Amino acid sequence: NEWTFQHDNDPKHRAAIVNNWLNRNGIERLEWPSFSPDLKPIEHLWDEIERRMKKEQPKNEKELKESLTRVWKEVEKKVLKKLVDSVPNRLNEVIRMKGGPTRY
């Protein structure tokens, strides 16, 4: 299977309907501890994917999968690099804020 779901213990990701769908479709899960979103740049990538998907109008599950696959592949490497490169700044900001909220 080419899909892996990064599971961060968010309640909506643990819902029975989600787990049942993942099981039925043979989607592997990458368990991920629940931490501050400040330290999870993937959340910003999901925001980007969501913004791009709002322009799509899939009519069924097949079209949805095709749209998601296309949108995912169209994310520019510079977007991913920017997110990865932001990690040291994120860490410093969390330390500076003593674990409190940050601009991330």
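The sequence shown: position 101 = 1381 (the working numbering), numbered continuously.
Cβ coordinates follow ideal geometry from the N, Cα and C atoms, glycine included.
Owing to the predicted nature of the structure, the values given are computational and were not obtained by experimental measurement.
How long is the line joining the alpha carbons of residue i and residue j, rounded to whole angstroms?
i	j	result
Asp1318	Glu1343	33 Å
Pro1368	Ala1295	33 Å
Lys1378	Asp1290	23 Å
Lys1361	Glu1341	30 Å
Ile1297	Glu1282	21 Å
Ser1366	Arg1376	15 Å
Asn1386	Asn1305	The structure shown does not extend to residue 1386, since the chain is modelled only from 1281 to 1384, so the question has no answer here.
Asn1372	Gly1380	12 Å
Asn1303	Thr1349	20 Å
By Cβ distance below 6 Å, which residues in the same chain neighbour residue i in space, the five residues on each side in sequence not counted?
i	result
Leu1310	Thr1284, Gln1286
Arg1332	Val1351
Tyr1384	Asp1318, Arg1370
Lys1292	none
Pro1338	Leu1344, Ser1347
If we call anything under 8 Å between Cβ atoms a contact, is residue i one with residue j?
i	j	result
Glu1336	Ser1347	yes
Excluding the 5 residues preceding and the 5 following residue i in the sequence, name in chain order all residues of the same chain whose CB lies nearer than 7 Å to its CB.
i	result
Leu1363	Pro1321, His1324, Leu1325
Lys1353	none
For the putative contact between residue i and residue j, defined by C-beta atoms under 8 Å, what is the C-beta separation to the nearest angstrom?
i	j	result
Glu1328	Val1359	6 Å
Go through its chain and collect everything with a Cβ distance to residue i's Cβ below 8 Å, but skip five positions before and after it.
i	result
Val1374	Ser1316, Asp1318, Leu1319, Thr1382
Inter-stretch contact at 8 Å, needing at least 3 Cβ pairs: the region 1321 to 1333 / the region 1294 to 1310: As far as the Cβ criterion goes, the region 1321 to 1333 does not touch the region 1294 to 1310, which means the pair count is below three.
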